[in-house]
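Just so you know, the numbering used here puts the end of the sequence shown at 428, numbered straight through with nothing missing.
First comes the structure, then the notes that go with it.
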Amino acid sequence: EEDGGDHRATIRAALALGIFFGWLACAAEAHDVQGPKMAEVSGGWFTLGSHLHENPRFREALRKYEESERRDKELKEQVGEETFEAIQAQLQKGNPKRQKPVPLDGGLEADVAKVGSFLIDTTCVTIGDFRRFVRDTKYKTEAEKFGWSFVFESTLSKDNLREADAPDGLGRVKQTPWWVAVRGAYWRRPEGKGSTIKGRNGEPVVQVSYNDAKAYCRWAGKRLPTEAEWEYAARGGLDDAPYPWGHSPYGEDGAPMMNGWNHTDLPSTQPQPDGYIGPAPADAYEPNGFGLYNMVGNVWEWVEGGTSEKRIMRGGSFVDTLDGKVNHLLRVTTRQEQTPDSGAHNTGFRCAMDPPTKNKKTTTTTTKKKKKKKKAKRASKQEL
Numbered sequence: 045e046e047d048g049g050d051h052r053a054t055i056r057a058a059l060a061l062g063i064f065f066g067w068l069a070c071a072a073e074a075h076d077v078q079g080p081k082m083a084e085v086s087g088g089w090f091t092l093g094s095h096l097h098e099n100p101r102f103r104e105a106l107r108k109y110e111e112s113e114r115r116d117k118e119l120k121e122q123v124g125e126e127t128f129e130a131i132q133a134q135l136q137k138g139n140p141k142r143q144k145p146v147p148l149d150g151g152l153e154a155d156v157a158k159v160g161s162f163l164i165d166t167t168c169v170t171i172g173d174f175r176r177f178v179r180d181t182k183y184k185t186e187a188e189k190f191g192w193s194f195v196f197e198s199t200l201s202k203d204n205l206r207e208a209d210a211p212d213g214l215g216r217v218k219q220t221p222w223w224v225a226v227r228g229a230y231w232r233r234p235e236g237k238g239s240t241i242k243g244r245n246g247e248p249v250v251q252v253s254y255n256d257a258k259a260y261c262r263w264a265g266k267r268l269p270t271e272a273e274w275e276y277a278a279r280g281g282l283d284d285a286p287y288p289w290g291h292s293p294y295g296e297d298g299a300p301m302m303n304g305w306n307h308t309d310l311p312s313t314q315p316q317p318d319g320y321i322g323p324a325p326a327d328a329y330e331p332n333g334f335g336l337y338n339m340v341g342n343v344w345e346w347v348e349g350g351t352s353e354k355r356i357m358r359g360g361s362f363v364d365t366l367d368g369k370v371n372h373l374l375r376v377t378t379r380q381e382q383t384p385d386s387g388a389h390n391t392g393f394r395c396a397m398d399p400p401t402k403n404k405k406t407t408t409t410t411t412k413k414k415k416k417k418k419k420a421k422r423a424s425k426q427e428l
């Protein structure tokens, strides 16, 4: 009987250990789905937007655009909408439609804003993070469903480039021909058929749309940062500085402190001075004052905001430039809008969260005190 008792005790102990280690595994898995490490950012007032709106050349371009729009409105009122549209159709033959000018960084006009405290990922969501999400949910990105996506020409294989440029290929973007439409390009094959993510877990996941980013955030129990939160975080505690670390894009050694395009020719298959011709690892370069990596350059990051037709991306990417001569000018204010189903070789995201509720501990303590009082009352009644 004693042996039987010992045996049963051993079984109970083993079961208890199994439950304990099972709980540990669940806790580790729950921690795992949080993705990158997060930094807590105390909110405050700051300058949101770009001072490039004050540039004399930009102001003059904007003045001419607004004057042209005013003349068009007057003409439309004089001749009627139908005649006006016919005139415009003739004038625009072979010419691109007139667009409202935007500053080189695409940024908002500078204004004072305030954000509350929040948590934000120290890096973009990586390929490794996204892989766990897909493994857990069997999620299919929009690029997978479409069957193609845009890839930067300099990173393409000869076969994929030849196929895209063939008569039955998907071709290129007319205004920016270094962006090539490639069949089979999606997050697992960022550069199309034949490419792989093997050994690249630490790189930002790319070829993801706004909708894909939102799906990941829901799974991870997070959200996208608002545009104001993102820019406040990007500034790293500095106000009115163009870069997350200060006023120069270069470090003390003269090397760029971000992954942007440094060649004079675009595209180019020559190695960049920093060694990256496409996305760099998510934690490459030095972090800013909040401990956040690559808030400018590397990959565009989706943020919350915009409209159902146009969503917002911030920060620029590896094909944007330090001087703004090609693509966007890289700054903490760099901004553009895209449709929510768009994804490309240079689009990624990072997540945010609201900070833990500060009175949660107080509430728990109060609840425990109430339970103790009830227990004491029951005990006194029993004694009576």
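Positions of the beta carbon are idealized from the N, C-alpha and C atoms, including for glycine.
All figures in this text were calculated on a predicted structure; none of them were measured in a lab.
| Query | Result |
| --- | --- |
| Collapsed DSSP secondary structure at residue 81 in the structure displayed | coil |
| Where residue 383 sits in the DSSP three-state scheme | coil |
| Under the three-state DSSP convention, the category residue 378 falls into | coil |
| Residue 275, buried or exposed, once every other Cβ within 10 Å from all chains shown has been counted against 16 | buried |
| Rounded separation between residue 87 and residue 118 - CA only | 47 Å |
| Inter-residue CB distance, residue 168 and residue 268 (contact presumed, cutoff 8 Å) | Incorrect: roughly 12 Å between the Cβ atoms, too far for contact. |
| Nearest residue (CA-CA) to residue 81, options 163, 109, 202, 399 | 163 |
| Neighbour-count burial assignment, residue 367, 16 or more Cβ in a 10 Å radius | exposed |
| Within 8 Å, strictly: CB atoms of residue 253 and residue 185 | yes |
| Residue 391 classed as buried or exposed, judged by whether at least 16 other C-beta atoms fall within 10 angstroms | buried |
| With 16 other Cβ atoms within 10 Å as the buried cut-off, status of residue 299 | exposed |
| Segment contact flag, the stretch 88 to 100 with the stretch 142 to 152, C-beta cutoff 8 Å, min 3 pairs | yes |
| Distance between residue 323 and residue 292 (C-alpha atoms, nearest Å) | 22 Å |
| Cβ neighbours of residue 105 in the same chain (closer than 7 Å, five flanking residues each side left out) | 145 |
| Distance between beta carbons of residue 251 and residue 222, contact taken as under 8 Å | Their Cβ separation, rounded to whole angstroms, is 16 Å, which puts residue 222 and residue 251 out of contact at 8 Å. |
| Beta-ladder partner(s) of residue 165, from DSSP | 82 |
| Cβ-based neighbour list, residue 358, same chain, cut-off 6 Å, excluding 5 preceding and 5 following | 274, 345, 347, 379 |
| Of the residues 121, 193, 154, the one placed nearest residue 90, counting alpha carbons only | 154 |
| Burial state of residue 173 (16 or more Cβ within 10 Å) | buried |
| Where residue 386 falls, given that 16 or more other Cβ within 10 Å makes a residue buried | buried |
| Enclosing beta strand (DSSP E) for residue 128 [first to last residue] | Careful: residue 128 lies outside any beta strand (DSSP E), inside the alpha helix (DSSP H) at 125 to 135. |
| Which of helix, strand or coil DSSP assigns to residue 101 | helix |
| Residue of 176, 286, 310 minimising C-alpha distance to residue 261 | 176 |
| Pairwise C-alpha distance: residue 332 and residue 111 | 42 Å |
| Cβ neighbour criterion (16 or more within 10 Å) applied to residue 278 | buried |
| Three-state class that DSSP yields for residue 155 in the structure shown | strand |
| Residue closest to residue 196, alpha-carbon to alpha-carbon, out of 319, 189, 204 | 204 |
| Within-8 Å CB hit, residue 287 to chain D | Looking at the structure shown, chain D is missing, and only one protein chain is on hand. |
| C-beta contact flag for residue 248 and residue 241 at 8 Å | no |
| Residue 4 vs residue 220 beta-carbon contact at 8 Å | No answer is possible for residue 4: it lies beyond the span of the chain, which begins at 45 and ends at 428. |
| Collapsed DSSP secondary structure at residue 263 in the structure displayed | helix |
| 6 Å Cβ shell around residue 364 - same chain, five flanking residues per side excluded | 304, 371, 372, 374 |
| Rounded C-alpha distance that separates residue 132 from residue 125 | 10 Å |
| CA-to-CA distance, residue 288 to residue 377, given in whole angstroms | 10 Å |
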